[in-house]
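Numbering (my numbering), first residue to last: 28 to 456. Beta carbons are placed, not taken as given, at the ideal position from N, Cα and C, and that holds for glycine. Just so it is clear, the structure is predicted and the values come from calculations on it, not from any experiment. So the structure is just underneath, and the comments pick up after that.
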């Protein structure tokens, strides 16, 4: 490891052509691979929920300081920013990784599987890196090592942004990319462009997918409360049953996309993810609560869905004598890949992934990386990590308790993030 880092520094000191940069990055990513895997497994075994990434942020901050970077901590609560100032003048580019885990009980059976318990919105839950953010952090930590070894030959500055709460801050809290931006993540020095990736089993390790313009959906959380009237389960006519009312709302909401929206305009999804009511089998409870997500790509479709959710839920409640309130949060915008930046950086993907570069369809998942893209040009892409023993049709989705990755995806992830930064800065020479 030390010998390789010294080799990189010596090579950088000799003045690098573009091809030599590529060779140095490729060798550096290969040399750091075992360490990246070890970091990833450690983070995976010790996951932390949104706005609670205390251990992860300490690990990241200590790592960046060990590389000699200027480090900022406690940005948006637990976010960390490392600044690598190259040896030559030039613009500023940012690389971003998200750090938070999900309230999921892990069922992978891996030797480093999470056994962590935590609290989410007042409930005890399992905690798991079911969306692969552990790999994102480890990849960017590896890229920090590779790029530090080339520091003297870098024309410009690279910001390493380790972001908390991508999955959304707990209800009632602020967090995530929006708060990092508000607290200056893209300033001092001002960032010109930003790159981010996401891992998944959509394709095998060694493949990458991207899409120009609108890529991932806009997403909003909605919460519905149904206020009924509590009574004995044997005398339901003496009260107002919020469970029945909420059930009718769940069913009716499914007709919004299927029967009330022109689906030729753009994809849309309305999903209920949580239904809470009651404590005992023979009591009609006083209230019921629903929580769900809205995914859209078109602003007018989004407006129509919001309007119809409120109308449907409140009218069903009124017909049943229940009081219904609906809250829809602002959510996150569409993940929009800047067309010119995307076209400029696709050759970098091809350097690393060769013929395994794919143009993706639109994805109904969402990413708060989109907030960065509202401020500056950004490029977001997916790297494959489907293990060879899993058929494409059996790919395990992110957010599943069974989700795991082929760690062979980590090395090219380090390489591509490093190469994107260098290629962007070199393109400005």
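Apart from the five residues just before and just after residue i, which ones in its own chain have a Cβ nearer than 6 Å to its Cβ?
| i | result |
| --- | --- |
| residue 439 | 379 |
| residue 169 | 59, 63, 441 |
| residue 250 | 318, 354 |
| residue 333 | 355 |
| residue 297 | 280, 283, 284, 321 |
| residue 215 | none |
| residue 39 | Note that residue 39 scores a pLDDT of 47, beneath 50, so its modelled location is shaky and nothing firm can be said. |
| residue 305 | 312 |
| residue 375 | 446, 447, 450 |
With a threshold of 7 Å (Cβ to nearest heavy atom), would residue i be considered close to the ligand MN?
| i | result |
| --- | --- |
| residue 406 | Inclusion of the ligand MN in the displayed structure is not the case, the ligand content being empty and no account of it being possible. |
Note down the Cα distance separating residue i from residue j, rounded to an integer number of angstroms.
| i | j | result |
| --- | --- | --- |
| residue 82 | residue 286 | 47 Å |
| residue 232 | residue 433 | 6 Å |
| residue 399 | residue 369 | 15 Å |
| residue 189 | residue 84 | 8 Å |
| residue 363 | residue 405 | 8 Å |
| residue 315 | residue 424 | 29 Å |
| residue 104 | residue 175 | 26 Å |
| residue 88 | residue 246 | 30 Å |
| residue 290 | residue 240 | 20 Å |
| residue 196 | residue 94 | 30 Å |
| residue 344 | residue 275 | 9 Å |
| residue 199 | residue 46 | 50 Å |
| residue 110 | residue 187 | 6 Å |
| residue 451 | residue 184 | 11 Å |
| residue 217 | residue 86 | 26 Å |
| residue 349 | residue 207 | 41 Å |
| residue 57 | residue 278 | 52 Å |
| residue 270 | residue 137 | 39 Å |
| residue 324 | residue 262 | 46 Å |
| residue 193 | residue 147 | 15 Å |
| residue 79 | residue 106 | 10 Å |
So the alpha helix (DSSP H) residue i belongs to, where does it begin and stop?
| i | result |
| --- | --- |
| residue 70 | 45-72 |
| residue 439 | 437-453 |
| residue 342 | 326-347 |
| residue 380 | 366-380 |
| residue 178 | Unbroken run through residue 178: none, as it is neither H nor E. |
| residue 250 | That residue, residue 250, is in no alpha helix (DSSP H); its beta strand (DSSP E) goes 245-254. |
| residue 91 | 81-93 |
| residue 354 | Counting along the chain, residue 354 falls outside any alpha helix (DSSP H), though it belongs to the beta strand (DSSP E) covering 350-355. |
| residue 203 | 203-209 |
| residue 397 | 396-402 |
Going by beta carbon distance, what residues of the same chain come within less than 7 Å of residue i, once the five residues before and after it are set aside?
| i | result |
| --- | --- |
| residue 268 | 255, 311 |
| residue 133 | 140, 141, 153, 155, 428 |
| residue 391 | 244, 294, 296, 322 |
| residue 328 | 288, 292, 293, 295 |
Excluding sequence positions up to five away, which residues of its chain have a Cβ less than 8 Å from the Cβ of residue i?
| i | result |
| --- | --- |
| residue 211 | 102 |
| residue 92 | 98 |
| residue 135 | 428, 429, 430, 431 |
| residue 159 | 225, 226, 227, 412, 425, 430, 432 |
| residue 144 | 151, 152, 153, 154 |
| residue 449 | 48, 52, 174, 177, 181 |
| residue 29 | In this prediction, residue 29 scores a pLDDT of 42, lower than 50, which makes its location untrustworthy; the coordinate-derived value is nonetheless stated afterwards. None. |
| residue 257 | 266, 310, 311, 312, 313 |
Using DSSP bridges, identify the partner residues of residue i.
| i | result |
| --- | --- |
| residue 422 | BP columns for residue 422 are empty, so no partner. |
| residue 431 | For residue 431, which the question treats as bridged, DSSP gives no partner whatsoever. |
| residue 236 | 385, 409 |
| residue 99 | 108 |
| residue 231 | 413 |
| residue 258 | 311 |
| residue 363 | 241 |
| residue 190 | 125 |
| residue 220 | 120 |
To the nearest whole angstrom, what separates the beta carbons of residue i and residue j, a pair I think is in contact under 8 Å?
| i | j | result |
| --- | --- | --- |
| residue 221 | residue 112 | No, residue 221 and residue 112 are not in contact; Cβ-Cβ is about 17 Å, not under 8 Å. |
| residue 76 | residue 131 | At roughly 10 Å, the Cβ-Cβ gap does not stay under 8 Å, so residue 76 and residue 131 are not in contact. |
| residue 118 | residue 219 | 4 Å |
| residue 167 | residue 444 | 6 Å |
| residue 393 | residue 337 | About 21 Å; that fails the 8 Å criterion. |
| residue 260 | residue 308 | 7 Å |
| residue 235 | residue 410 | 5 Å |
| residue 386 | residue 205 | Actually they do not touch by this definition, with Cβ atoms about 29 Å apart. |
| residue 447 | residue 67 | About 20 Å; that fails the 8 Å criterion. |
| residue 223 | residue 407 | 5 Å |
| residue 129 | residue 165 | Residue 129 to residue 165, Cβ: 17 Å. No contact. |
What are the start and end residues of the beta strand (DSSP E) that includes residue i?
| i | result |
| --- | --- |
| residue 145 | 144-147 |
| residue 296 | 295-304 |
| residue 410 | 405-413 |
| residue 116 | 115-125 |
| residue 285 | Segment: none, residue 285 is in no beta strand (DSSP E) and carries neither H nor E. |
| residue 317 | 314-323 |
| residue 150 | 150-153 |
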